[in-house]
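Undergrad:
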Amino acid sequence: MKFLLSFGLLAAFAVFFAMAKAKQSSWSEWADKPGAICNDTCGGCGRIEQVRTCTGGKSKSCKGASEQLAS
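Numbering (this note's numbering), first residue to last: 22 to 92.
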(Lines of atoms letter the chains of each structure in order from A and count residues from 1; the text may use other names and numbers.)
(Lines give C-alpha, C1' and ligand atoms only; values in the text may rest on other atoms or scores of the structure.)
Protein backbone atom coordinates (compact mmCIF):
# COMPACT_ATOMS: atom_id res chain seq x y z
CA MET A 1 0.00 0.00 0.00
CA LYS A 2 2.82 2.43 0.89
CA PHE A 3 4.50 1.62 -2.41
CA LEU A 4 1.38 2.51 -4.39
CA LEU A 5 0.94 5.75 -2.46
CA SER A 6 4.60 6.70 -3.00
CA PHE A 7 4.40 5.79 -6.68
CA GLY A 8 1.20 7.84 -7.04
CA LEU A 9 2.82 10.91 -5.46
CA LEU A 10 5.89 10.51 -7.65
CA ALA A 11 3.72 10.28 -10.76
CA ALA A 12 1.73 13.35 -9.70
CA PHE A 13 4.93 15.38 -9.23
CA ALA A 14 6.24 14.24 -12.61
CA VAL A 15 3.04 15.38 -14.33
CA PHE A 16 3.10 18.70 -12.44
CA PHE A 17 6.69 19.49 -13.46
CA ALA A 18 6.08 18.44 -17.06
CA MET A 19 3.08 20.77 -17.27
CA ALA A 20 5.00 23.62 -15.63
CA LYS A 21 7.84 23.23 -18.14
CA ALA A 22 5.39 23.18 -21.06
CA LYS A 23 3.91 26.50 -19.90
CA GLN A 24 7.24 28.36 -19.89
CA SER A 25 7.50 31.36 -22.16
CA SER A 26 9.69 31.26 -25.26
CA TRP A 27 10.47 33.46 -28.26
CA SER A 28 9.04 32.87 -31.71
CA GLU A 29 11.41 32.83 -34.70
CA TRP A 30 12.65 36.19 -36.02
CA ALA A 31 10.50 37.59 -38.85
CA ASP A 32 10.75 40.74 -40.96
CA LYS A 33 8.76 43.53 -39.37
CA PRO A 34 5.55 44.20 -41.35
CA GLY A 35 6.14 47.20 -43.60
CA ALA A 36 9.90 47.16 -42.96
CA ILE A 37 12.07 48.44 -45.79
CA CYS A 38 15.73 47.56 -46.30
CA ASN A 39 18.02 50.54 -45.96
CA ASP A 40 21.13 50.77 -48.13
CA THR A 41 23.63 52.22 -45.67
CA CYS A 42 25.48 48.89 -45.41
CA GLY A 43 25.63 48.15 -49.13
CA GLY A 44 23.36 45.85 -51.05
CA CYS A 45 20.05 45.49 -49.31
CA GLY A 46 21.53 46.75 -46.06
CA ARG A 47 19.66 45.97 -42.90
CA ILE A 48 16.03 45.24 -42.15
CA GLU A 49 14.03 45.39 -38.94
CA GLN A 50 12.95 42.04 -37.53
CA VAL A 51 10.59 41.21 -34.69
CA ARG A 52 9.68 38.20 -32.57
CA THR A 53 6.94 37.59 -30.03
CA CYS A 54 6.98 36.03 -26.59
CA THR A 55 4.66 33.04 -26.53
CA GLY A 56 3.40 30.59 -23.97
CA GLY A 57 3.32 30.78 -20.23
CA LYS A 58 1.04 32.91 -18.11
CA SER A 59 3.38 35.85 -17.62
CA LYS A 60 4.95 35.79 -21.10
CA SER A 61 8.23 36.92 -19.57
CA CYS A 62 10.88 36.17 -22.18
CA LYS A 63 14.37 37.59 -21.74
CA GLY A 64 15.98 39.58 -24.51
CA ALA A 65 14.91 42.04 -27.19
CA SER A 66 11.76 41.72 -29.26
CA GLU A 67 13.24 43.73 -32.18
CA GLN A 68 16.58 43.67 -34.01
CA LEU A 69 18.29 44.93 -37.16
CA ALA A 70 19.43 42.08 -39.39
CA SER A 71 21.80 42.08 -42.35
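Idealized CB from N, CA, C, for every residue including glycine.
Check for me: the beta strand (DSSP E) holding Ile69 runs from which residue to which?
TA: Element bounds for Ile69: Ile69 to Val72.
Undergrad: Distance, Cα to Cα, Leu90 vs Ile58?
TA: 11 Å
Undergrad: Using the C-alpha atoms, what's the distance from Gln45 back to Ser19?
TA: Past the boundaries of the shown model lies residue 19; the chain is included only from 22 to 92, so the question cannot be answered.
Undergrad: What residues are listed by DSSP as bridge partners for Gln89?
TA: Gln71
Undergrad: Roughly how many angstroms lie between the CA atoms of Arg68 and Ser49, to the nearest whole one?
TA: 20 Å
Undergrad: Which one of Glu88, Ser47 and Pro55 has the shortest CA to CA distance from Gly72?
TA: Looking at the sequence itself, residue 72 is Val, so the reference to Gly does not match. Taking each of Glu88, Ser47 and Pro55 in turn and checking the Cα distance to Val72, the smallest one comes out for Glu88.
Undergrad: Leaving out five residues on either side along the sequence, give the residues of the same chain with a beta carbon under 8 Å from the beta carbon of Thr74.
TA: The beta carbon of Thr74 is closer than 8 Å to those of Trp48, Ser49 and Ser87 in its chain, skipping five residues each way along the sequence.
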